[in-house]
Amino acid sequence: MKSTLVWKTLQLSPALLGLSLFVTSNADAEIPNPTASTRESTELNRQLSEIPVEINSLQIASDVSPTVNSTNTTADSNRELLDQIQRYSSENGIESLDQVTSVGQLRDVSPGDWAYEALRSLVERYGCIAGYPDGTYRGNRALTRYEFAAGLNACLNQIERLIGTGGFDETELETLRRLIQEFEAELATLGARVDNLEGRVAFLEDNQFSTTTKLNGEVIFNLASAFGDEKADSDEDVDDNLTFSHRTRLNFDTSFMGEDRLRVRLQAGNTPEFDVATGTEMARQGFEAASDNDVEINDLYYRFPLGDKIRLLVGANGFDFNDIAEIHNPILESSGTGALNRFNRRNPFVFRNNAEQGVGANIQLSDSLSLDLGYLTGESNSPLDKDGVFDGDFTAMSQLNLALGEKIDLGFAFGYSYYPGEDVNLSGSTGSPRAKRPFQFPNPNNPDETLTAATSALRFGIQGSWRLTPTINLAGWGGYIDAEAESGPLEDNNADLWTWVANVSFLDLGKEGAALSIMGGMPPKLTNVDGGDEDEDTSFLIEAQYQYPLTDNILITPGAYVILNPNHDDGNDDIWVGTIRTTFSF
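Numbering (the numbering used here), first residue to last: 2 to 587.
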């Protein structure tokens with residue numbers, strides 16, 4: 002009998018409930034009279050808090066004598082129990098409910114155990130567990146001891162609240178005492194973990210960058226070279242020196258209401274465009290930053306919800322329709338981790354509109370149908386003639402998105418653009434010179450100078466993505482522009498422009514997170530124009546790349562692309578660009 006009392010004493014010695022649940026005292030507990038008055042309920046509350054004991058005095062409540070002689074055996078056993086608790090909460094111990102480090106930690110509580118039934122009774126009586134997604138206790142499955150201790154702790158907190166209001170059945174007290182004794186080590190471990198988390202949270206709050214702003218960044222190191230015989234439309238050799246460059250971005254994302262975001266992006270870089278080196282804008286890279294390392298605000302917008310179905314966006318700099326609408330090219334759309342070539346990232350007839358400022362909206366029509374709307378301008382910050390919000394170039398764009406199950410996503414886009422003569426850029430600087438400005442004529446006052454007519458354009462595009470298998474993704478787009486000259490001697494003339502691309506990506510090839518992608522298409526081409534010269538031949542741009550993650554934050558992408566018949570002229574030599582892009586994200 003004496004050894005039994007000593008063992009029970011050692012089990013209660015960590016005083017876990019006194020550390021994690023209630024205020025500790027040294028008085029012995031007595032079972033209250035079942036007919037206690039409100040005053041007696043207050044006394045019950047005091048008695049319940051006296052169940053735990055002080056570690057140093059090794060006193061216990063109820064049926065165990067308050068005085069135990071300390072011996073070497075007792076000290077060793079107590080030290081062993083404390084070491085066990087330390088192992089429970091150590092970094093190399095159990096970090097989640099499904100990780101164990103010894104067979105002794107596999108003592109789950111099955112539905113047939115007395116403790117299980119006791120807790121189940123408390124749950125049904127006091128409704129103290131509602132943490133499962135379906136709001137049920139799930140009384141037919143076993144619990145780990147940590148799960149059981151968490152449920153017991155929830156019930157103790159609930160009972161503590163009910164004592165003062167007389168809603169606690171005093172006959173449950175002995176059951177509580179027994180449960181607390183049985184699971185005190187687990188309760189202590191949970192309490193220690195909560196204390197540790199609270200300490201870490203307090204440290205982060207004291208040392209965080211901002212309470213409302215998150216900082217994330219991306220740095221690209223790029224080793225690249227263009228090569229071939231002669232530049233497009235020129236007798237000069239391609240500038241084929243090997244280059245090493247970078248692009249650095251810092252994003253400051255601020256939320257004021259939890260569901261909104263103010264994005265401020267700082268960017269600096271010296272990545273070449275390769276258009277001058279090759280004679281064609283078709284060779285431009287998709288992550289260029291030709292700012293000579295000057296730091297600039299590259300992106301500035303604010304988005305916020307309007308109800309449950311609408312999200313509004315306002316952009317003040319670096320804002321285009323791709324900031325509003327879904328691009329539908331999930332593997333290759335990013336400038337930092339996607340396609341190496343500018344054209345292969347997104348449909349230029351839909352998402353490259355020469356814009357800088359604008360407003361937009363995302364409207365969720367149903368689970369599978371949504372609508373993106375945008376009004377975009379290029380010089381809304383200027384009060385000069387042919388500038389501003391309504392007098393300068395602008396694009397009104399829309400896209401209807403359709404999700405066919407979880408594997409196929411489609412976007413149907415339509416828009417209208419207007420450009421004063423000096424701002425015309427129908428191809429988004431990804432196609433031939435004729436596709437960029439189809440209506441050009443000599444200056445009557447200076448025959449050596451070429452002028453561009455003001456131009457309007459109806460834009461059409463369809464883009465989509467299909468996850469053919471878990472490891473194979475297909476994507477592509479097609480686009481058409483119906484352009485019309487709005488001024489000068491070519492006024493009312495019409496032109497047709499076309500473009501398309503297709504790609505396939507093999508995911509998790511060689512390593513989880515890796516992707517081999519092959520893509521090809523026709524950059525924007527002027528196929529017909531009234532009173533002018535169209536593109537007689539056809540260019541094809543083909544790219545292959547392999548995205549390989551060295552770590553979760555470092556991605557290396559070797560690859561190359563080739564332009565066949567640059568500027569849609571088979572008299573031009575083919576041009577190649579090879580690159581090794583390394584992306585650091587943090």
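Note that CB positions come from ideal geometry on N, CA and C, so glycine has one too.
Check, Outcome
"Contact set for P384: own chain, Cβ-Cβ below 8 angstroms, skip 5 residues either direction", "none"
"Delimiting residues of the alpha helix (DSSP H) encompassing V239", "Segment: none, V239 is in no alpha helix (DSSP H) and carries neither H nor E."
"For E398, the residue or residues it bridges with in DSSP", "The sequence as given places Met at residue 398; Glu does not occur at that position. M398 pairs with G375, G416."
"C-beta atoms of V110 and F149 nearer than 8 angstroms", "yes"
"Residue environment, K310, which counts as buried when at least 16 other CB atoms sit within 10 Å", "exposed"
"Inter-residue spacing [alpha-carbon to alpha-carbon] between G572 and D234", "8 angstroms"
"Range of the contiguous beta strand (DSSP E) that encloses D386", "Run containing D386: none; DSSP gives neither H nor E here."
"Those runs of the beta strand (DSSP E) which lie wholly inside the segment 493-570 and span at least 3 residues", "495-508, 516-530, 541-550, 555-565"
"Cβ distance (whole Å) where S246 is taken to contact A269 below 8 angstroms", "Going by Cβ atoms, the distance from S246 to A269 rounds to 11 angstroms, so no, they are not a contact pair."
"Status (buried if at least 16 other CB within 10 Å, exposed otherwise) for N444", "exposed"
"8 angstroms Cβ cutoff met for E487 and A455", "yes"
"Span of the alpha helix (DSSP H), counted from its first residue to its last, around V351", "349-352"
"Local conformation of V296 per DSSP, three classes", "coil"
"Where A150 falls: helix, strand or coil (DSSP)", "helix"
"Touching by the beta-carbon criterion (3+ pairs, under 8 angstroms), the segment 530-539 and the segment 548-559", "no"
"Endpoints, the beta strand (DSSP E) within which K215 is located", "214-229"
"Pick from D230, R162, N299 that is closest to F253, judged by C-alpha positions", "N299"
"Residue nearest to R522 in terms of C-alpha spacing, selected from V563, A155, I181, R460", "The amino acid occupying residue 522 in the given sequence is Gly; Arg does not appear at that position. Among V563, A155, I181, R460, the Cα nearest to that of G522 is on V563."
"Proximal residues to L430 (C-beta, below 6 angstroms), its chain only, five neighbours per side dropped", "Per the sequence presented here, residue 430 reads as Ser, with Leu not at that position. So the qualifying residues of the chain are E282."
"Alpha-carbon spacing of E237 relative to R438, whole angstroms", "24 angstroms"
"Cross-strand partners of D254 (DSSP beta bridge)", "K215, R264"
"Bridge partner(s) assigned by DSSP for Q365", "S371"
"P439 - DSSP class collapsed to helix/strand/coil", "coil"
"Closest by C-alpha distance to H329, when choosing among F320, L527, L314, F352", "F352"
"Cβ neighbours of F541 in the same chain (closer than 8 angstroms, five flanking residues each side left out)", "G521, G522, M523, I564, L565, N566"
"Supposed close pair N342, S371 - CB separation, criterion 8 angstroms", "The Cβ separation is near 29 angstroms, so there is no contact."
"M258 classed as buried or exposed, judged by whether at least 16 other C-beta atoms fall within 10 angstroms", "exposed"
"Bridge partner(s) assigned by DSSP for A458", "S418, A484"
"Assigned secondary structure, V425 (DSSP; H/G/I helix, E/B strand, else coil)", "coil"
"Residues sharing a beta bridge with H247, DSSP", "F222"
"Alpha carbon of Y419 to alpha carbon of E199, nearest angstrom", "57 angstroms"
"For L314, the first and last residue of its enclosing beta strand (DSSP E)", "311-318"
"Assigned exposure category for S122 - 16 Cβ within 10 Å defines buried", "exposed"
"Pairwise C-alpha distance: G287 and S428", "15 angstroms"
"The segment 351-367 / the segment 310-325 touching (three or more Cβ pairs under 8 angstroms)", "yes"
"CB contact flag (R582, N223, <8 angstroms)", "yes"
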